[in-house]
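Everything on this sheet refers to the single structure shown next.
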């Protein structure tokens, strides 16, 4: 996936890491951190105040190099999903729950929630391993 956004703003939003990005074309606020601090309330507030989905990538030490916390904006109530795993499937990026729940596809128009898995459990496991390998290659030699 290649994103061609005409406007990207860097924000310093209360409770979110410095360098948070706003991508209006996707209705998405993206951020990343290497700390374990929970930022759920700040993410929920940003989703409501900015009318955007919020994606926080959390870099980890251990078996998995990365997890994602997501808030999907909604006119009724924002939806918080935590500890989602990056998954490469059919040349697209998905964020999948560790145990049952909703699945989120990442596309050119932003985040989209799905009630069913895009494929079998075995294929999801392979996709998570592919995403882990890509992220680990990307982070090789990076120190925090």
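Residue numbers (the working numbering): 36 to 179.
Cβ atoms here follow ideal geometry from the backbone N, Cα and C, with glycine treated the same way.
Computed from a prediction, not measured in an experiment: that's the story for all the values here.
{"query": "Where residue 68 falls: helix, strand or coil (DSSP)", "result": "strand"}
{"query": "Exposed unless 16 or more other CB atoms sit within 10 angstroms - verdict on residue 110", "result": "exposed"}
{"query": "6 Å Cβ shell around residue 123 - same chain, five flanking residues per side excluded", "result": "162, 165 and 166"}
{"query": "Anticipated Cβ contact below 8 Å, residue 78 with residue 104, distance rounded", "result": "7 Å"}
{"query": "Cα-Cα separation, residue 113 to residue 148", "result": "12 Å"}
{"query": "Residue range of the unbroken alpha helix (DSSP H) whose run includes residue 112", "result": "Per DSSP, residue 112 belongs to no alpha helix (DSSP H) and is neither H nor E."}
{"query": "With 16 other Cβ atoms within 10 Å as the buried cut-off, status of residue 134", "result": "exposed"}
{"query": "C-beta atoms of residue 130 and residue 141 nearer than 9 Å", "result": "yes"}
{"query": "Residue(s) in a DSSP beta bridge with residue 153", "result": "Its beta-bridge partners do not exist; DSSP assigns none."}
{"query": "Close beta carbons around residue 145, own chain, < 7 Å, minus the five adjacent residues each side", "result": "61, 62, 63 and 88"}
{"query": "Reference residue 108; option with closest CA among 84, 48, 170 and 173", "result": "84"}
{"query": "Close beta carbons around residue 171, own chain, < 7 Å, minus the five adjacent residues each side", "result": "100"}
{"query": "Through-space distance from residue 153 to residue 125, alpha-carbon basis", "result": "9 Å"}
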